[in-house]
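Single-structure report; data block below.
Residue numbers (the numbering used here), protein chains in the order written: chain A, 1 to 596; chain B, 1001 to 1258.
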């Protein structure tokens, strides 16, 4: 550093400190303790106090008898004590107070009455509660000014940091993110250290990436600057709301670090692959895509009431969501343009709000995975699946679909159900993904002309689950049940008539078909030799597949379902008579029966 | 820009800081003057006879000095204090001083100016006390209506009219209570406002000896006194302070557990 630069830094530091000292002086003037005089009153020990004191005591408890006598005469109609008697009562009062407050004291002159200093302590009043001052402390102002100078120094003085080294690149990138932050004014706590460490650790395994592409440093700088500003806004909002809440402020900083690590970690390679998409800024006032994601993630957690998501989300969960959000937005940056910045934030908020209850109730930890699915698959048909992202981003059809599926699949079995197990995390995710796939691949049967989720999904899932609950028993595993639900969805997607009500059966066709198979497989009076074969998981799966496939290709009514029941009955009898089950032959026979 | 060329700019900033600090320092002076006066004001109430004259001088001089400092700010200094959001505090000191100098109309006008025009600059203490100033004035007026005290601890205030005092006390207590409720119970100013109310209860107790209309307290008045004392006891950590008020109000230990 040359001499003129050194002088400049010294002066700049002096001015910075001077500004902060002046502000601290103003703050302390506004908040100075003041002695506030009370309205005039008589502070002396007197007859009025003694009279009130003894009047409040039950007469029978007044001792000695002389006191009892004085009080009785004082309160008698027209009663009046002489000056000597009043003075006697005042002395009784002083004795009573001494006895009450300090039984060992007998010196009447040394009472619990404040001296001059004590009197001042009564009325010296602070402007604000301790710790609730709305301005930064002197320590923060001075420390902040020094930090700002340090950042200024390291980012502007050539050679102050070895920018050729991996660590130097990261430190420089983070420091640049702090460049516009006034540490002396903003209550950031230890966030700067956390972000610096977060960047170093997240990039620890990506040294090649770093050295090869300066865009990654730009990513770190962008996300740092954006998150620090977000944290500042959140903390100031908390202070405006409730005058300071250390726990809530710390929570914001902690989640900001998690969001930072997630976006930096997931975003690194994406930025190298497509820097224009992730770091490009298309218009004035707009932000890089990566900063939208980091902000949306922080908002998602921090906005949850009473920190409800804290126990449900891990750092890994946030990383999963960050990765999905970055990929979806990278492929569809129009979300930010059409959604005017709020779409992603709203969708993540909705995912968290609507799915958190399932995680909380069933301890399934599905939120990040389903969130990832919703984000990933939304990008596959954006305009159909998220039709109103600009005006009402809450209406994401996949989120509605996932919610519908989880609502039905996690519902408590009704009383009298034969099959009562609950689906586990894997089955729930499996079926939910199948549901979301249907939206992407066969939206026709699930989405109404108005662009909303119609009643078919709910009807199909309820029908399938209703049959499982009614016909299944302990021999029906949850994995097989989930598979049957998925087969049901596929069948219905292929043939609209499966959703029509059968006049004789009274249920929709797909329910009647499933009922025929499961009734035969799990009926109580089934011969043990037939049950031995028909209860097998692969057999039930195969019979359901054949039944749905064959009836999906024939006309579909009560008569056809009756034929299916007969064919299944005949198959069970054949097994009892010693014939092996051949699913292919069964399918061929059923096809023949249906054709005739 | 070469570093050395920025020097004039930095010097200008430095000089601006020095100038800006002057008005603030003067306001600090007003605060100190007010504190000295208020200290003397409180000490006077328990002063020995030989101390009274000196304390009265400090009290009157301090309050007058406070008003003069604040009235003496020129337009630029006012603008600077306003920019630093300190003008509200300056008006607070002036209104309080005017009150203690018994310029009640002036105090009300200054308080009204502060609340209506500089409310955003007022901290919770200043805003609460200015809002309740009418009540504080009423309690002062009630105490003045007690008239001269008789000699010794049993002299009492025989020359007063109970109803006159009682009406002023009731009005003062109501006003303070209404404003007190606008502020969180954790604000430090609550301690002051509650003590102001206790001072009012104390004045009513003294009025019981008025030759005209003096009477024992009603059940409602006793309960109001107990409630205010217990609210104070709940936030006051200093045991001597609690005992001071309990002793003066004739309350027994444990009255708040009833």
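All residues carry an ideal CB built from backbone N, CA and C; glycine is no exception. If you're wondering where the values come from, they're calculated on a predicted model, not measured in any experiment.
Between residue i and residue j, how many whole angstroms is the CB-CB distance? I'm expecting something under 8 Å.
i                       : j                       : result
residue 198 of chain A  : residue 257 of chain A  : 5 Å
residue 485 of chain A  : residue 461 of chain A  : 7 Å
residue 319 of chain A  : residue 266 of chain A  : 6 Å
residue 1189 of chain B : residue 1129 of chain B : 6 Å
residue 561 of chain A  : residue 505 of chain A  : 6 Å
residue 89 of chain A   : residue 70 of chain A   : 5 Å
residue 177 of chain A  : residue 228 of chain A  : 7 Å
residue 539 of chain A  : residue 581 of chain A  : 7 Å
residue 346 of chain A  : residue 394 of chain A  : 6 Å
residue 47 of chain A   : residue 1216 of chain B : Contact doesn't hold; Cβ gap of about 13 Å is too wide.
residue 551 of chain A  : residue 534 of chain A  : Their Cβ separation, rounded to whole angstroms, is 19 Å, which puts residue 551 of chain A and residue 534 of chain A out of contact at 8 Å.
residue 330 of chain A  : residue 274 of chain A  : 6 Å
residue 1086 of chain B : residue 374 of chain A  : Actually they are not in contact, since the Cβ atoms of residue 1086 of chain B and residue 374 of chain A sit about 53 Å apart, beyond 8 Å.
residue 1241 of chain B : residue 122 of chain A  : 6 Å
residue 195 of chain A  : residue 221 of chain A  : Contact doesn't hold; Cβ gap of about 11 Å is too wide.
residue 489 of chain A  : residue 434 of chain A  : 6 Å
Going by DSSP, which residues form a beta bridge with residue i?
i                       : result
residue 501 of chain A  : A/508
residue 1161 of chain B : B/1212
residue 124 of chain A  : A/35
residue 453 of chain A  : A/447
How about residue i: is its C-beta nearer than 9 Å to some C-beta of chain B?
i                      : result
residue 447 of chain A : no
residue 63 of chain A  : no
residue 110 of chain A : Legend: pLDDT at residue 110 of chain A = 43, less than 50; position of this residue unreliable, no value from coordinates given.
residue 248 of chain A : no
residue 396 of chain A : no
residue 22 of chain A  : yes
residue 454 of chain A : no
residue 100 of chain A : yes
residue 128 of chain A : yes
residue 68 of chain A  : no
residue 92 of chain A  : no
residue 30 of chain A  : yes
residue 214 of chain A : no
residue 40 of chain A  : yes
residue 55 of chain A  : yes
residue 178 of chain A : no
residue 51 of chain A  : yes
Hey, does residue i have any beta-carbon neighbour from chain A nearer than 9 Å?
i                       : result
residue 1165 of chain B : no
residue 980 of chain B  : Given that chain B is displayed from residue 1001 to residue 1258, the structure contains no residue 980 of chain B and the question cannot be resolved.
residue 1076 of chain B : no
residue 1243 of chain B : yes
residue 1049 of chain B : no
residue 1098 of chain B : no
residue 1248 of chain B : yes
residue 1208 of chain B : yes
residue 1064 of chain B : no
residue 1056 of chain B : no
residue 1091 of chain B : no
residue 1084 of chain B : yes
Practice item. Output the residue ranges of the alpha helix (DSSP H) runs that lie fully inside the region 1173-1254 of chain B and measure 4 residues or longer, sorted by chain position. Key: 1189-1207, 1219-1235 and 1239-1249
Exercise for review: Check whether the region 1108-1117 of chain B touches the region 48-55 of chain A, counting contact only when three or more Cβ pairs, one atom from each stretch, lie closer than 8 Å.
Suggested key: no
Check your understanding: Are at least three pairs of beta-carbons, each pair with one atom in the region 395-411 of chain A and one in the region 451-461 of chain A, less than 8 Å apart?
Key -> yes
Check your understanding: Using 8 Å as the threshold, is the region 1191-1200 of chain B in touch with the region 1225-1232 of chain B, meaning 3 or more CB pairs across them?
Key -> yes
Check your understanding: Per the contact definition of three or more C-beta pairs closer than 8 Å, is the region 1074-1082 of chain B in contact with the region 1124-1137 of chain B?
Key -> no
Point to revise | Segment contact, 8 Å Cβ cut-off, at least three pairs: the region 527-534 of chain A with the region 427-441 of chain A | key: no
Review point. Is the region 1166-1183 of chain B in contact with the region 57-65 of chain A, if contact means three or more CB pairs nearer than 8 Å?
Key: no
**Study point:** Segments of 4+ residues assigned as alpha helix (DSSP H) that fall wholly inside the region 213-286 of chain A
**Key:** 214-242, 246-273 and 275-279
Practice item. Could you tell me whether the region 1087-1106 of chain B touches the region 93-101 of chain A, using the rule of 3 or more Cβ pairs below 8 Å? Key: no
Check your understanding: Can you list, in chain order, the stretches of the alpha helix (DSSP H) that have 4 or more residues and sit fully within the region 34-76 of chain A?
Key -> 47-55 and 65-75
Review point. Taking only runs of the beta strand (DSSP E) that begin and end inside the region 526-567 of chain A, which ones reach a length of at least 3 residues, in chain order?
Key: none
Review point. Does the region 489-505 of chain A come close enough to the region 542-560 of chain A to have 3 or more Cβ pairs within less than 8 Å?
Key: yes
Practice item. Report yes or no: do three or more beta-carbon pairs, one from the region 321-339 of chain A and one from the region 248-263 of chain A, lie closer than 8 Å? Key: yes
Review point. Quick one: complete alpha helix (DSSP H) runs, 4+ long, within the region 1065-1103 of chain B?
Key: 1075-1083 and 1087-1100
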